[in-house]
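A quick write-up on the structure given underneath.
Number of protein chains: 2
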Amino acid sequence: MPHQTPHFHFVDELSKASRKLRTLFDARVKQLGLTLARARTLMLLDRREVLSQKELAEELEIETPTMVRLLDGLEKQGFIERRGVEGDRRVKQVVMTAQGAELAKDVNHLAQELRAEFLRDINDKDLLKTIDVLRAVNLRLGDLIERG
Amino acid sequence: MPHQTPHFHFVDELSKASRKLRTLFDARVKQLGLTLARARTLMLLDRREVLSQKELAEELEIETPTMVRLLDGLEKQGFIERRGVEGDRRVKQVVMTAQGAELAKDVNHLAQELRAEFLRDINDKDLLKTIDVLRAVNLRLGDLIERG
DNA sequence: TGATAATAGTTAGCATGCTACTCATTATAT
DNA sequence: ATATAATGAGTAGCATGCTAACTATTATCA
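As you go down the protein sequences, you meet chains A and B in turn. Under the numbering used here, the first residue of the first sequence carries the number 5, and numbering increases by one thereafter. Under the numbering used here, the first residue of the second sequence carries the number 5, and numbering increases by one thereafter.
Structural data, given as structure tokens:
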């Protein structure tokens, strides 16, 4: 087997980490009726209270059609509501129901525990450096995607 | 907006990087009729020549049903073939067609260029450190997933 | 003002990830 | 030797990601 470059390994490990993270998180929040993507949406609403669908999508860096379906699910589950906004009839604001807000607290707690669990052996300095690198990569990827 | 922890940012940036990477790569290999997942499969076959479906799935760290459908697509496109193996009729070995092997070379080249492009500003030391961290995280995530 | 642009949300269609299950075959153990 | 386990491939069903379109509304500009 030919030697693989660091560039290759970066992409490889990154893809694998993301899949594993989703798998583990999904398994942990399944009992709550949630998934990673839905939990991410609830946790964002928990921090920001009220956002339009567009703003939600932008914050999570997913496309609006993906957000639409995520919200369809959360709405059907009774965790969020869509509200028309006066002054612009195109926009819908998204707010958590009481049940959703309750759930968001549990999910936040659970997510925090899970993160601590799998990042247990990573020291602070390395973690911060890794976050820096990922941020830089994301900026660059965003640029390259925009450019076509 | 409440302050967010490094643990949170790690997960956030990781998820975003993985999605962006797939989006960018998919756009770049679209003209070749490929996607990131299919390209990854071809590139692995290019390095290892012959593998069973099970081995392919293990190497890429995806589940076998996911691999089945990936191979269905690649087979329909004429890039790979499935072959029965003598001595164990459960196993199917996967080999690239001539066309697939040709394509794999192009894809390898393209992937290498793309990686260099978006990792341009990351220095070697930081990149290696990041890979180390991702590897450690992956090991731990694997453990936690296994444990249930 | 009235045509044209842009924007927010949506739908449709595809690919990829998962789990839970089945089927055929091989390995193991009594 | 035969019942039982384990293994490899596949199917079904769901969730989430994308792009390409469409609809309704609002903004722009000539």
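Beta carbons: idealized from backbone N, C-alpha and C, even for Gly. For clarity, every value in this text was computed on a predicted model and none was experimentally measured.
- Look at the segment 26-114 of chain A and you find these whole runs of alpha helix (DSSP H), each 4 residues long or longer: 40-52, 57-64 and 68-80.
- In this model, Ile84(A) and Leu78(A) are separated by some 6 Å (Cα to Cα).
- Leu123(A) sits in coil when the DSSP states are folded into three classes, being neither helix nor strand.
- Residue state for Thr9(B) is assigned as coil, using DSSP reduced to three classes.
- Only buried fits Arg32(A), as 16 or more other CB atoms lie within 10 angstroms of its CB.
- Taking a Cβ-Cβ cut-off of 9 Å, Ala43(A) has no neighbours in chain B, whose nearest Cβ is about 11 Å from it.
- Residue burial annotation: Glu17(B) is buried, with at least 16 other C-beta atoms found within 10 angstroms of its C-beta.
- In this structure Leu60(A) does not touch Ala21(B) by the C-beta definition: roughly 20 Å separates them, more than the 8 Å allowed.
- For Gly146(A), the enclosing alpha helix (DSSP H) stretches over residues Asp128 to Arg151.
- Residue contact check for Glu62(A) against chain B: no CB pair falls below 7 Å.
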